[in-house]
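**Q** For the sequence shown, my numbering gives the first residue as 35, with consecutive numbering after it. Don't be surprised by glycine CBs; every beta carbon is placed ideally from N, CA and C. Nothing here was measured: the structure is a model prediction, and the numbers come from that model.
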Amino acid sequence: MQRVPPSDSSHPSHSRQKHHRQYAHRPPPPSPPAFLTLPSYSRHTREQLLKALEILGPLGTPLPPQLPSPPASRQNSPPSAGPKRKLDADAEQSQNKKPRTTLAPDPPRRKPPPPEPQPDSSSHSRPPAPNLRSDPSEDGELREEPTTVVRDPIAVLENNVPVRRPRRGRAPPSHTYHDQLHDKYHALGRLLKYSGDTRLWSTYPPRDPGYRPLLNPPHPESPYHKFGNIIGRLELIDALICFAYSLWNKDYGRRCCHGPSWGTIESFLSYSKHKWEQVQDSADEREKAFIGLIWMLEAFIHGRKFTYSAKVIDKENDALYTELRAIWRAELEREEAKAAREANSSPNMLPSPESIAGSSSANSTPINRSDGTPSTAARNPSKPSTQQQSASAAAARQNEIPPSHIKVSVDGKFIVARKSQSGGLNAAHWCMDNAQRFLTLPVMAKHFPRTFSRMVYSTLSATDEHEPDIEDEEGELFWPGQLVTGEGIGWVCTMGKAMVKEFGKTYHYLGMDGVIPKPDPVETPSSAGPPAAPTGAESSSSSAPVQR
């Protein structure tokens, strides 16, 4: 059968019907690959889209819009971070759109990276944040700060505002009141010292020569058994504070400084400092603060001693300086008197013949025209000018240092006092330099916030050392001032007592309620035990104890 050529079917209706039949029975063309650009108005079936997306590999379960996946370029972002800030708005818009008639798959998403461990253990208690990224996702985007829980220091301080106790007044109590405090805290210091030494000896290894077991040891589950070493050191520094506070009360009631009394505490102070420095390498910043407290207390003791001794030495120096200037003035007067005698005893020199005008003879003596006596007008005017020069020279020497050959005699006591003053000044400088390494206001705010707030919110001044009660845990305190004033030991003691109480709560430190009682001297065994530590009431020739 002969095929009709296309030109014969020129009729319009016949041509359209034939073209329709050819298009209806023609197989569909193969779908183009996914990487080719497709028209935006074309529609594709589910099979075509899945075939085009095979190059991406298997798809993971997409996250819901509330927890978007992080951007692919930020591998270090937490899994809850979204690629854009406008993700929430886009999610809301997608919910308002009309659903598709065909079952099209969800848009492809890349597999999120595995979640990284969070260092903050308290993050599970916080609600999830929409974005916790610390870096901008693209150029020009602002940095987003993570929502972390930070304790407000102002709120911490406001929660520990001290209680304002009634004032005792500007006029301090009589010395009888301070003498009673001296006796009380001296006795408490002796009990704490004995308990601290005994407790430390019980913590030594059994083979150590200084080991000495307790007669009545605490319960094995008791904090005094678990933390025997640190509680023993707390008792030592508590005893040191009691000794210093007792000596300060004795001085403060009499407005003086008894140097020999302060010398009795130096040995025990060095002993306590040595016990704390033994664990300095393994101690934390809180324990090192007590080392700084001991250094500060020692610095203020030296400052009080050399400041009050300077008041006495200044009077002695003024008397010696007055005596030195009197000797110098007497020597100047002797020199002036000697010069005047030499000037009066020198013979009158005759003028030369050439200087005499109108003289008839070369051997004649010149006379005055009025009375004929020898002329002395050229010699008399020189005396007032010499006296004026001597007076002006003496007045000019009022502020001058006497010459080195002018000396005064001093005794050995004078030299010892000056040497003690200069040595105390150098010691105070050295101690305060070490104290500032361990004890500062930032350290107090970090590790002793309650004690710090009691000093910051205080209405007391540097001259109110007699106001606070050292046993008060809620009253006002004051940061110790300048040691060159000779005062401040009372503030160091009250601050140190507050530090011991605040730090001791971690280890259930009971203070005087947990001390080891001192046995009766009659029941004391005669066996030789470890040598007792020097007390604050007994002077010792050695300032540093032997390390056990």
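1) Taking the alpha carbon of glutamate 365 as the point to measure from, which residue in Asp217, Pro437, Asn460 has its own alpha carbon closest?
2) Are the CB atoms of isoleucine 328 and isoleucine 271 within a distance shorter than 9 Å?
3) What distance in whole Å lies between the Cβ atoms of threonine 237 and asparagine 263, which are believed to be in contact at a cut-off of 8 Å?
4) Which ranges does the alpha helix (DSSP H) cover as unbroken runs of at least 4 residues, wholly within the stretch 431-472, from first to last along the chain?
5) Among Trp235, Thr497, Leu517, which has the Cα closest to the Cα of proline 251?
6) Do glutamate 507 and arginine 201 have their C-beta atoms closer together than 9 Å?
7) Out of Lys349, Met330, Gly538, point me to the one whose CA is closest to alanine 462's CA.
8) Give the straight-line distance between the Cα atoms of aspartate 285 and glutamate 370, rounded to the nearest whole angstrom.
9) Nearest to arginine 359 by alpha carbon, out of Glu88, Asp498, Ile440, Asn193?
10) How long is the line joining the alpha carbons of glycine 520 and phenylalanine 512, rounded to whole angstroms?
11) Helix, strand or coil: how does DSSP classify glycine 509 here?
12) Span of the alpha helix (DSSP H) holding histidine 209?
13) Just to confirm the assignment, what range does the alpha helix (DSSP H) spanning tryptophan 78 have?
14) Anyone know if the C-beta pair for lysine 531 and arginine 224 falls short of 9 Å?
15) Pull up the distance between the alpha-carbon of glutamate 373 and that of isoleucine 347, whole angstroms please.
16) Kindly list the residues whose CB is nearer than 6 Å to the CB of cysteine 276, restricted to its own chain and excluding five residues on each side of it in sequence; keep chain order.
17) Using the Cα positions of glutamate 321 and aspartate 352, report the straight-line distance between them to the nearest angstrom.
18) Is the stretch 442-456 touching the stretch 305-324, taking contact as three or more C-beta pairs under 8 Å?
19) Under the DSSP definition of a beta bridge, which residues are partnered with lysine 197?
20) Give the straight-line distance between the Cα atoms of glycine 203 and histidine 212, rounded to the nearest whole angstrom.
21) Buried or exposed: which applies to methionine 546, given that a residue is buried once 16 or more other Cβ atoms fall within 10 Å of its Cβ?
22) Contact check, phenylalanine 486 vs alanine 479 under 8 Å by CB: the rounded distance?
23) Taking only the alpha-carbon atoms, compute the straight-line gap between phenylalanine 537 and phenylalanine 482 and give it to the nearest angstrom.
24) Grab me the residues of serine 316's own chain with a C-beta within less than 8 Å of its C-beta, minus the 5 sequence neighbours each way, in chain order.
25) Does DSSP classify valine 490 as helix, strand or coil?
26) Measure the Cβ-Cβ separation of proline 254 and tyrosine 245 and say whether it is below 9 Å.
27) Could you tell me which of Arg488, Leu268, Asp242, Gly458 sits nearest to lysine 339, measuring between CA atoms?
28) Going by CA-CA distance only, name the one from Cys290, Tyr258, Trp296 that's closest to leucine 18.
**A** Let me spell this out:
1) Translated into positions along the sequence shown, residue 365 becomes position 331. Nearest Cα to glutamate 365 within the set Asp217, Pro437, Asn460: Pro437.
2) As a first step, residue 271 must be located in the sequence shown, where it is residue number 237. As a first step, residue 328 must be located in the sequence shown, where it is residue number 294. For isoleucine 271 and isoleucine 328, yes; Cβs fall inside 9 Å.
3) Within the sequence shown, numbered from 1, the residue matching residue 263 stands at position 229. Within the sequence shown, numbered from 1, the residue matching residue 237 stands at position 203. The Cβ separation is near 5 Å, so the contact holds.
4) Qualifying alpha helix (DSSP H) stretches, in chain order: 446-472.
5) Here residue 251 is taken as the residue at index 217 of the sequence shown, counted from 1. That would be Trp235, whose Cα lies nearest to the Cα of proline 251.
6) Taking the sequence shown and counting its residues from 1, one reaches residue 507 at position 473. Taking the sequence shown and counting its residues from 1, one reaches residue 201 at position 167. When the beta-carbon positions are compared, glutamate 507 and arginine 201 stay at least 9 Å from each other.
7) Taking the sequence shown and counting its residues from 1, one reaches residue 462 at position 428. Ranking the options by Cα distance to alanine 462, first place goes to Met330.
8) In the sequence shown, the residue the question calls residue 285 occupies position 251. In the sequence shown, the residue the question calls residue 370 occupies position 336. Rounded to the nearest angstrom, the two C-alpha atoms are 52 Å apart.
9) By one-based count along the sequence shown, residue 359 stands at place 325. Distance check between arginine 359 and each of Glu88, Asp498, Ile440, Asn193 places Ile440 closest, using alpha-carbon atoms only.
10) Here residue 520 is taken as the residue at index 486 of the sequence shown, counted from 1. Here residue 512 is taken as the residue at index 478 of the sequence shown, counted from 1. The straight-line gap from Cα to Cα measures roughly 16 Å.
11) Locating residue 509 in the sequence shown gives position 475, counting from the first residue. Strand.
12) Residue 209 sits at position 175 when you count from the first residue of the sequence shown. That run of the alpha helix (DSSP H) goes 209-236.
13) Counting from one through the sequence shown, the residue named residue 78 turns up at place 44. Before going further, note that residue 78 is histidine rather than tryptophan in the sequence given. Going by DSSP, histidine 78 is part of no alpha helix (DSSP H) at all; its letter is neither H nor E.
14) In the sequence shown, residue 531 corresponds to position 497, counting from 1. In the sequence shown, residue 224 corresponds to position 190, counting from 1. For lysine 531 and arginine 224, no; Cβs fall outside 9 Å.
15) Against the sequence shown, residue 373 aligns to sequence position 339. Against the sequence shown, residue 347 aligns to sequence position 313. The sequence shown places alanine at residue 373, rather than the glutamate named in the question. Whole-angstrom Cα-Cα distance: 39 Å.
16) Sequence index remark: in the sequence shown, residue 276 carries index 242 (1-based). Once the five neighbours on either side are set aside, the close Cβ partners of cysteine 276 are Tyr219, Leu222, Gly223.
17) Residue mapping note: residue 321 aligns to position 287 of the sequence shown, counting from 1. Residue mapping note: residue 352 aligns to position 318 of the sequence shown, counting from 1. Going by the C-alpha atoms only, they are around 47 Å apart.
18) In short, these stretches do not touch, since the Cβ pair count stays below three.
19) In the sequence shown, the residue the question calls residue 197 occupies position 163. The sequence shown places valine at residue 197, not lysine. Gly509.
20) Position 169 of the sequence shown, counting from 1, holds the residue named residue 203. Position 178 of the sequence shown, counting from 1, holds the residue named residue 212. Our two residues, glycine 203 and histidine 212, have alpha carbons roughly 15 Å apart in a direct line.
21) Counting from one through the sequence shown, the residue named residue 546 turns up at place 512. Looking at its Cβ environment, which holds fewer than 16 other Cβ atoms inside 10 Å, methionine 546 is exposed.
22) To locate residue 486, count along the sequence shown from 1; it is residue 452. To locate residue 479, count along the sequence shown from 1; it is residue 445. Confirmed, about 5 Å.
23) Taking the sequence shown and counting its residues from 1, one reaches residue 537 at position 503. Taking the sequence shown and counting its residues from 1, one reaches residue 482 at position 448. Their Cα atoms are separated by approximately 8 Å.
24) For this step, residue 316 is matched to residue 282 along the sequence shown. None.
25) Position 456 of the sequence shown, counted from the start, is the residue given in the question as residue 490. Three-state DSSP puts valine 490 in a helix.
26) Taking the sequence shown and counting its residues from 1, one reaches residue 254 at position 220. Taking the sequence shown and counting its residues from 1, one reaches residue 245 at position 211. No, the pair does not count as a contact, with Cβ atoms beyond the cut-off.
27) Here residue 339 refers to the residue found at position 305 of the sequence shown. The shortest Cα separation from lysine 339 among Arg488, Leu268, Asp242, Gly458 belongs to Gly458.
28) The requested residue 18 does not occur in the structure, where the chain is confined to residues 35 to 582.
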